[in-house]
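J.: I have a structure here, written as structure tokens, and I will follow up with some questions on it.
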Amino acid sequence: MQRRLEEEHALQMSLLLAEQEKEQQRLRLNHLTVPPGFSSPVSTSGSSPSVQPPVYLWGPSRAAGKPRARLSQVLTAEQHRALSRIGALVRGFLTRRLLKTDKVKQLRQTVGDTQEFIRSFQIEASQKKCSYSAQDQSLQERVGAQLRAALHDVHDIFFEMPLRDRLSLLQQDRELRAERKLRDMEKTKSPKERAVLSAATQRSLDRKKKVSESPAQARKMQQKPKSPTTNRVLKPSQGQNSPVQAQLNRQGSWYRKTPEERVKRSDNLKKQHSLG
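This is the structure in structure tokens:
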């Protein structure tokens, strides 16, 4: 964009120089064709016009060692048409980009809505064939003022606003579009994708996944039957200190003994009974 602006500026300078050169040639011809006895319109003692330096397409920012393309001071008709076409393409591109901005879209929407409202309001009033009330007139004036303000804003953007402000408007619109796109991407993400996991957590999850996917682990899971868990519910009278629970505990301890211990225990009981 900056290069195109430089080209347009160089074109304008070349046109001005061409007009100045034509004017100088015309003055020289007039000076040569003046008959003797008449005063020359241009004083002979005056200094000759200063020679303008040649206009270059690229500015002095180019390196001194590189050759610079010299722009001819006198443009042909074909060159003039080509440069005019380039300028038209640049202006058309800028206009289309401005029309796509959110600000211009909102202004266009406002203009369309207000025009439609005024049109429908007038049609409804003509069908009813009644005079406007004070409230209707006030409403119509407010809508008309809103329409005029929107039209003035559109005119200022395309005809009054300097080029730098238009480019800044395009830059702001691009930033807003980028922010809106990022917000939409965040909304479309699932909750799992939104959660940020640490490196240790991620490694642990990967290790568990590999273990579960290994064939040895799969065979082990298939061979190991899952026994249903049964929870014993105690009745209110069967507490930990109840006689029934104590008897069950004693029976459980008896059955947990080895056969030798059982025989020894029975002999001791017999001796106790015989002594008693």
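Heads up, the sequence shown is in our numbering, so the first residue is 232 and it goes up one at a time.
Glycine included, each C-beta is placed from N, C-alpha and C at the ideal position.
Keep in mind the model is a prediction, meaning the values are calculated, not measured.
Are Ile349 and Gln371 touching if we call contact CB-CB under 8 Å?
T.: Counting from 1 along the sequence shown, the entry for residue 349 is found at position 118. Counting from 1 along the sequence shown, the entry for residue 371 is found at position 140. Result yes, Cβ atoms of Ile349 and Gln371 sit closer than 8 Å.
J.: Spell out a yes or no on whether the segment 331-350 and the segment 363-383 are touching, meaning 3 or more CB-CB pairs, one atom from each, closer than 8 Å.
T.: Flag = yes, the segment 331-350 and the segment 363-383 touch.
J.: Assign Ser245 to one of two classes, buried (16 or more other C-beta atoms within 10 Å of its C-beta) or exposed (fewer than that).
T.: Along the sequence shown, one-based indexing puts residue 245 at 14. Buried is the call here.
J.: Please report how far the alpha carbon of Ala294 lies from the alpha carbon of Leu242, in whole angstroms.
T.: Taking the sequence shown and counting its residues from 1, one reaches residue 294 at position 63. Taking the sequence shown and counting its residues from 1, one reaches residue 242 at position 11. In this prediction, Ala294 scores a pLDDT of 47, lower than 50, which makes its location untrustworthy; no coordinate-derived value is stated.
J.: Between which residues of its own chain and Leu338 is the CB-CB distance below 6 Å, once the five residues before and five after are set aside?
T.: As a working note, residue 338 is residue 107 in the sequence shown. So the qualifying residues of the chain are Ala381, Asp384, Val385.
J.: Compute the Euclidean distance between the alpha carbons of Phe389 and Arg395, then round it to the nearest angstrom.
T.: The residue given as residue 389 occupies position 158 in the sequence shown. The residue given as residue 395 occupies position 164 in the sequence shown. If I take the Cα positions, the gap works out to 12 Å.
J.: What is the DSSP secondary structure of Pro393, reduced to helix, strand or coil?
T.: As a first step, residue 393 must be located in the sequence shown, where it is residue number 162. It is coil, neither helix nor strand.
J.: I'd like to know whether the C-beta atoms of Leu531 and Arg327 end up nearer to each other than 8 Å.
T.: The displayed coordinates of the chain run from 232 to 507. Any statement about residue 531 would go beyond what the structure contains.
J.: Using the beta-carbon count (16 or more within 10 Å), is Thr332 buried or exposed?
T.: Position 101 of the sequence shown, counting from 1, holds the residue named residue 332. Thr332 is buried by the Cβ-count criterion.
J.: Using a Cβ-Cβ cutoff of less than 7 Å, which residues in the same chain neighbour Leu325 once the five nearest sequence positions on both sides are dropped?
T.: The count along the sequence shown starts at 1 and reaches residue 325 at position 94. Only Arg397 meet the Cβ criterion.
J.: Report yes if the CB atom of Gly318 is closer than 8 Å to the CB atom of Glu391, and no otherwise.
T.: For the purposes of this step, residue 318 is identified with residue 87 of the sequence shown, where counting begins at 1. For the purposes of this step, residue 391 is identified with residue 160 of the sequence shown, where counting begins at 1. Against a cut-off of 8 Å, the Cβ pair of Glu391 and Gly318 comes out as no contact.
J.: Classify Leu306 as helix, strand or coil using the three-state DSSP reduction.
T.: Position 75 of the sequence shown, counted from the first residue, corresponds to residue 306. Of the three classes helix, strand and coil, the one that applies to Leu306 here is coil, per DSSP.
J.: Quick one: residues in its chain with C-beta nearer than 6 Å to the C-beta of Lys334, no 5 flanking neighbours on either side, listed in chain order?
T.: Along the sequence shown, read from residue 1 onward, the residue named residue 334 stands at position 103. There are no such residues.
J.: Helix, strand or coil: which one does DSSP assign to Lys331?
T.: Taking the sequence shown and counting its residues from 1, the one referred to as residue 331 is at position 100. Three-state result, Lys331: coil.
J.: Thinking Ala249 and Leu306 are a contact (beta carbons under 8 Å), I'd like their distance in whole angstroms, please.
T.: The residue labelled residue 249 in the question sits at position 18 within the sequence shown. The residue labelled residue 306 in the question sits at position 75 within the sequence shown. Confirmed, about 7 Å.
J.: Tell me whether Lys360 sits in a helix, a strand or coil according to DSSP, three-state version.
T.: Translated into positions along the sequence shown, residue 360 becomes position 129. In the structure shown, Lys360 sits in coil (DSSP, three-state: anything other than H, G, I, E or B).
J.: DSSP three-state label for Thr432, please.
T.: One-based indexing of the sequence shown puts residue 432 at position 201. Helix at Thr432.
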